[in-house]
Amino acid sequence: MNVLVAGGTGCLGRSLCRVLADRGHEVTAASRSPDASELPDGVATTVLDVTESDLTAAVAGHDAVVNLVALPSHVESRDRSHESVHYDGTRHLVSASEETGVERFVQLSGLGVDDGVQTAYFRAKRRAERVVRRSSLEWVIYRPSVVFGDGCAFTPFVERMSPPLVTPLPGGGRMHLQPIWVEDLTPMIADGLETDRHAERCYEIGGPERLTLAETVTTIRGGGIVVPIPLLLAGIVARVVDPLPQIPFGRDQYRALHLDNTTTDDALDAFGVDPASLRTLSAWIETARGDR
Ligand SMILES: NC(=O)c1ccc[n+]([C@@H]2O[C@H](COP(=O)([O-])OP(=O)(O)OC[C@H]3O[C@@H](n4cnc5c(N)ncnc54)[C@H](OP(=O)(O)O)[C@@H]3O)[C@@H](O)[C@H]2O)c1
């Protein structure tokens with residue numbers, strides 16, 4: 001199969017490109033500034049900005065498109081909004097795919113898009129899913145929990161946000177996450193591309209453990225203690241710092257704190273994956289520290 005991986009230079013993208021190339025597919029990684037030296041041998045690159053409305057030139061000639069383009073949930077500016085990158089970007093990719101005869105379209109969404117959380121990220125992801133479902137393409141949608149691994153933003157973000165010894169967390173960090181290792185996730189995405197029975201399915205995927213935010217932070221930090229901040233106070237702080245782009249916390253992040261990021265119907269079975277075979281966050285951290 002000839003596959004275009006939009007956002008192919010990111011955390012999931014690099015891993016997926018490697019899996020697809022290893023399985024014998026012809027792979028092109030697309031992003032605004034792709035660097036071939038950071039991609040596995042044999043993966044081609046092309047320049048693509050999904051906020052542009054006509055993407056037919058980049059999409060033409062491919063059998064399948066995977067949309068991994070991302071704007072991190074805490075980053076938004078006047079010219080790079082969740083609406084323009086996630087919703088308009090998906091519309092543009094879907095329409096170019098329909099026009100150029102692409103058969104299969106894989107969309108990366110996020111766990112919790114259906115739970116009514118009113119953040120700009122979730123709203124745009126929810127609308128993007130609708131575009132994909134209404135298209136004439138054979139689609140597969142994945143909704144992962146947070147993803148960790150080499151080159152992924154999650155663990156550096158937590159390290160940046162939490163002081164080493166004492167970490168203040170709204171409500172004590174009681175919401176749950178189900179972190180999944182990128183190298184466990186991307187083979188399942190490749191299966192979705194290759195296998196007809198996954199067409200028109202939407203899969204929730206989480207890792208082997210349900211950790212509270214507090215447990216996640218102390219695992220990543222390798223210890224320390226968590227000091228609860230009253231939710232009311234955190235809400236006031238979120239409103240005050242919301243307009244400051246350099247602080248990755250605001251009203252949307254505060255809203256997202258009220259919702260567990262865990263699966264209700266985990267799709268591991270659909271891919272024949274045993275949860276016990278998945279890497280835990282602590283096991284990965286241990287290996288990553290050993291490698292440093
Ligand atoms: N990582 C997670 O924890 C997580 C959890 C749930 C869902 N997801 C979803 O999984 C997908 C992949 O996430 P990720 O973590 O791999 O993201 P990432 O590491 O931030 O990579 C994002 C990719 O998108 C490209 N990109 C950004 N803006 C673009 C634009 N306007 N046009 C074309 N390419 C653009 C980036 O390259 P350039 O900047 O060079 O253009 C990069 O290749 C996303 O849909 C994300 O929402 C991720």
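Read left to right, the sequence shown gives residues 1 to 292 (the UniProt record's numbering).
Glycine included, C-beta positions come from ideal geometry on N, C-alpha and C.
Bear in mind that the values here come from a model prediction, so they are computed numbers and not experimental data.
Roughly how many angstroms lie between the CA atoms of T90 and E103, to the nearest whole one?
16 Å
Rounded to whole angstroms, what's the CA-CA distance from R239 to A288? Just pull it up for me.
36 Å
Around the Cβ of E204, are there at least 16 other Cβ atoms within 10 angstroms (buried) or fewer (exposed)?
buried
Closest to R126 by CA distance: which of T212, W139 and L108 is it?
L108
With a cut-off of 8 Å on the beta carbons, I'd call D5 and G13 a contact; round off their distance for me.
The sequence given here places Val at residue 5; Asp does not occur at that position. Going by Cβ atoms, the distance from V5 to G13 rounds to 6 Å, so yes, they are a contact pair.
Tell me, to the nearest whole angstrom, how far the beta carbon of S97 is from that of V65; I am working on the premise that it is less than 8 Å.
5 Å
With a threshold of 16 other CB atoms inside 10 Å of the CB of N261, please say whether the residue is buried or exposed.
buried
Would you mind sorting L165 into buried or exposed? The rule is 16 or more other CB atoms within 10 Å of its CB.
exposed
Determine the burial state of R201: buried for a count of at least 16 other Cβ atoms within 10 Å of its Cβ, exposed for fewer.
exposed
Rounded to whole angstroms, what is the Cα-Cα separation between T51 and T280?
35 Å
Give a yes or no on contact between the stretch 129-145 and the stretch 36-45, applying the rule of three or more CB pairs nearer than 8 Å.
no
What residues are listed by DSSP as bridge partners for H82?
Per DSSP, none; premise fails for H82.
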